[in-house]
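Residue numbers (this note's numbering): 496 to 694.
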Amino acid sequence: MRSTPLLVSWAAIGLSATLSTVAAEPVGEPAVRAAITKSIPRLEQAMKDSADQRKCFTCHNQALPMIAMAAARQRGFAVDDANFKRQHQHTVDHLAGGKARYVEGRGQGGRVVTAGYALWTLEVAGQERNELTSLVAKYLLETQKKNQYWHQSSKRPPTAGSDFMTTYIALRALQVFGADAQQPALQERSQQVRKWLQT
């Protein structure tokens with residue numbers, strides 16, 4: 496059964512929100528745990544199908560489900576580790592395939608949203624900083640530098656729908672994967688974002 500990107504995105508967001516509720520309350524709510532347990536294989540199948548059919552990374556079929564799977568695993572739910580590792584590698588391969596575009600400062604399709612979500616996916620997969628993540632972080636620091644925030648390149652809710660969300664995704668990625676040498680530039684961008692948020 497093939498899932499639509501929107502359905503998968505909403506399922507992942509719903510699962511993440513449910514997991515946040517579970518974390519705030521004592522574990523043991525049978526109906527909530529049953530719903531999460533039932534949702535996990537569906538999200539995993541959507542990730543697998545997407546990776547089988549596409550070489551590119553997608554926010555709706557890799558990032559959001561991977562974020563949900565990492566949250567589920569942290570809370571004791573069974574997750575397909577082989578598929579989790581496959582999605583991690585799929586994301587690395589996609590970024591590596593666009594390395595020349597990052598070197599040129601052009602990024603990949605989806606621009607800031609793709610770069611930010613891809614790094615978020617690598618974060619939840621346990622990826623350490625390396626040359627590739629630093630290169631993508633540099634792209635995020637340099638792109639739209641004249642703005643106080645990162646502007647969205649498309650409206651594709653729920654994965655991308657506002658400048659606020661795009662800015663959050665970029666800043667989150669930079670805080671995790673920004674290289675030591677990039678910290679002064681990151682602090683400067685963070686100050687610009689703070690000013691934007693206060694207006």
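Yeah, the Cβ is synthetic: ideal placement off N, Cα and C, and Gly gets one too.
Note that the structure is a prediction, hence the values are computed from the model and not measured.
Burial state of residue i, where buried means 16 or more other Cβ atoms lie within 10 Å
i: lysine 650; result: exposed
i: histidine 646; result: exposed
i: glutamine 678; result: exposed
i: valine 607; result: buried
i: alanine 676; result: exposed
i: valine 598; result: exposed
i: glutamine 603; result: buried
i: arginine 596; result: exposed
i: asparagine 710; result: Residue 710 falls outside the range modelled here, since the chain spans only 496 to 694, and no answer is possible.
i: glycine 592; result: exposed
i: alanine 577; result: exposed
Beta-carbon proximity check, residue i vs residue j, cutoff 8 Å
i: leucine 635; j: leucine 669; result: yes
i: serine 639; j: valine 688; result: Note on residue identity: the sequence assigns glutamine, not serine, to residue 639. Contact: no.
i: cysteine 554; j: histidine 589; result: no
i: aspartate 575; j: glutamate 623; result: no
i: glutamine 582; j: glutamine 557; result: yes
i: alanine 620; j: methionine 561; result: yes
i: alanine 567; j: isoleucine 531; result: yes
i: threonine 628; j: phenylalanine 672; result: yes
i: arginine 667; j: tryptophan 615; result: yes
i: leucine 617; j: threonine 586; result: yes
i: alanine 665; j: glycine 611; result: yes
Three-state secondary structure (DSSP) of residue i
i: alanine 655; result: strand
i: aspartate 575; result: coil
i: serine 545; result: helix
i: serine 698; result: No statement about residue 698 is possible, as the shown extent of the chain runs from 496 to 694 and does not include it.
i: glutamate 637; result: helix
i: glycine 644; result: Here the sequence assigns tyrosine to residue 644, which means glycine is not the residue at that position. Tyrosine 644 falls in the coil class under three-state DSSP.
i: arginine 667; result: helix
i: alanine 674; result: coil
i: glutamate 524; result: coil
i: arginine 570; result: coil
Opening and closing residue of the alpha helix (DSSP H) in which residue i lies
i: glutamine 557; result: That residue, glutamine 557, is in no alpha helix (DSSP H); it is neither H nor E in DSSP.
i: tryptophan 691; result: 678-693
#### Entry: Runs of beta strand (DSSP E) lying entirely within the region 576-629, each at least 3 residues, in chain order
none
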